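The structure under discussion appears below in the form of structure tokens.
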Amino acid sequence: MPELPEVETIKRGLEAHLLGKKITQICVHHPKVVRQPSLKKFKEGLAGATIKNILRKAKVLIIEFSNGRAVTIHLKMTGQLIYPGGREGSRLSFCFSDGTCLDYFDQRLFGELRLVDDWRQVAFIKGLGPEPFAMNPAQFKEMLARKKTKIKPLLMDQRFICGIGNLYAAEALFRARINPGVSAASLSDKKKGVLFKEMVATLREAILHQGSSVDNYVRLDGTPGGYVDFHQVYARAGKPCRVCKTKVKRISLGGRGTYFCPRCQKAP
DNA sequence: AATGGGACCTGCGCGC
DNA sequence: TGCGCGCAGGTCCCAT
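This is the structure in structure tokens:
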């Protein structure tokens, strides 16, 4: 599942390869992936456009074109961007004037592409909380102070803080030795500080290793990211905790699989 | 306000 | 063997 580190990795790949490319054609193999506007307008609006800039906001990729418009791409669970493309089975392909193409794959069809005049006005993006890298510990502590909700679902709430999903929430909480079910406001000032530090460090390290290839996340060139080897708890139910050897536990929290070490992350 | 559940999707692994 | 079921989870939406 692409979260901030995975999307950032793809963003860097796009930046390295696609700036200045001119679109000649859009091949849509599954209409559902284009959410906005109509398929016809999507194609027409992109014909002849040149890629000017690549951005990431939370888990959303933004491709800005020289005509002022932008394509936003949310990979959700199983979206993949591959360049250079050409393999069978893509849901949509951007074809460029140099003969190469950027392919969008998406097994479960959760992902979505939009062509917009101003990506800043996209509702989801407007509603995003701050990027973890754009915050300081004091700000994070202040934000937690007013929240009685459970810490893990809160970290995953994109309106609260953006870019973190199920995997990195679990990893950050393990590293901070915080039980995923405790209320945010109940954390001591010190613990809040530790959580902020570990959350940022986890994301940074994951970016360094080009993301976690669980499910079907791959880098732009189709190769996997290497951070899975560093996971402490995520998808490790029943396996020994890397710190204390206690079996990692899986519970359901906020309707999501939640992995933690019952000893290292003891509930108070 | 916070929480829980369902919907969207498809492939895979499990138990019977 | 083959089949049905649960699960995977980001986001939206609705009910409580």
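Here the first sequence is numbered in this note's numbering, starting from 7 and rising by one per residue.
Beta carbons are placed, not taken as given, at the ideal position from N, Cα and C, and that holds for glycine.
Here the structure is a predicted model, which is why all the values come from computation and not from measurement.
Selection from the options that minimises the alpha carbon distance to residue i
{"i": "N185", "options": "G26, L61, I257", "result": "I257"}
{"i": "L201", "options": "G171, F146, L214", "result": "F146"}
{"i": "F139", "options": "R210, R152, S99, F166", "result": "R210"}
{"i": "A55", "options": "N73, K65, F48, K46", "result": "N73"}
{"i": "R120", "options": "M141, A178, F48, V234", "result": "F48"}
{"i": "G51", "options": "R75, C33, I60", "result": "R75"}
{"i": "D227", "options": "I16, Q42, P11", "result": "I16"}
{"i": "D221", "options": "L81, L161, V206", "result": "L81"}
Where the alpha helix (DSSP H) through residue i begins and ends
{"i": "V40", "result": "Premise fails: V40 lies in the beta strand (DSSP E), 40–42, not in any alpha helix (DSSP H)."}
{"i": "T208", "result": "195–214"}
{"i": "N172", "result": "172–181"}
{"i": "R18", "result": "10–24"}
{"i": "E148", "result": "143–151"}
{"i": "F130", "result": "129–132"}
{"i": "K49", "result": "45–52"}
Burial state of residue i, where buried means 16 or more other Cβ atoms lie within 10 Å
{"i": "C250", "result": "exposed"}
{"i": "R126", "result": "exposed"}
{"i": "N142", "result": "exposed"}
{"i": "T252", "result": "exposed"}
{"i": "N172", "result": "buried"}
{"i": "A207", "result": "exposed"}
{"i": "S99", "result": "buried"}
{"i": "S103", "result": "exposed"}
Close Cβ partners of residue i (< 7 Å) along its chain, the five nearest in sequence each way excluded
{"i": "E14", "result": "R62, I213"}
{"i": "G150", "result": "The displayed chain sequence assigns Leu, not Gly, to residue 150. Excluding residues within five positions, the ones whose Cβ falls inside 7 Å are A190, A191, L193, K198."}
{"i": "F71", "result": "A55, T56, I57, K58"}
Sequence-distant residues of the same chain with beta carbon closer than 8 Å to residue i, five excluded per side
{"i": "K255", "result": "A243, Y265, F266, C267, P268"}
{"i": "P274", "result": "N185, V188, S192"}
{"i": "K156", "result": "P186, G187, V188, S189, A190, L259, G260"}
{"i": "P136", "result": "Q145, I167, C168"}
Contact set for residue i: own chain, Cβ-Cβ below 6 Å, skip 5 residues either direction
{"i": "L134", "result": "A64, Q164, C168"}
{"i": "M83", "result": "M7, R114, F116"}
{"i": "P37", "result": "L45"}
Span of the beta strand (DSSP E) around residue i
{"i": "K63", "result": "57–63"}
{"i": "G263", "result": "262–266"}
| message | Count Cβ pairs between the region 148–166 and the region 236–250 that sit closer than 8 Å; are there 3 or more? | response | Under the 8 Å Cβ criterion, the region 148–166 does not count as touching the region 236–250, having fewer than three qualifying pairs.
| said: Count Cβ pairs between the region 227–236 and the region 24–39 that sit closer than 8 Å; are there 3 or more? | reply: Contact between the region 227–236 and the region 24–39 is not established, with fewer than three Cβ pairs separated by less than 8 Å.
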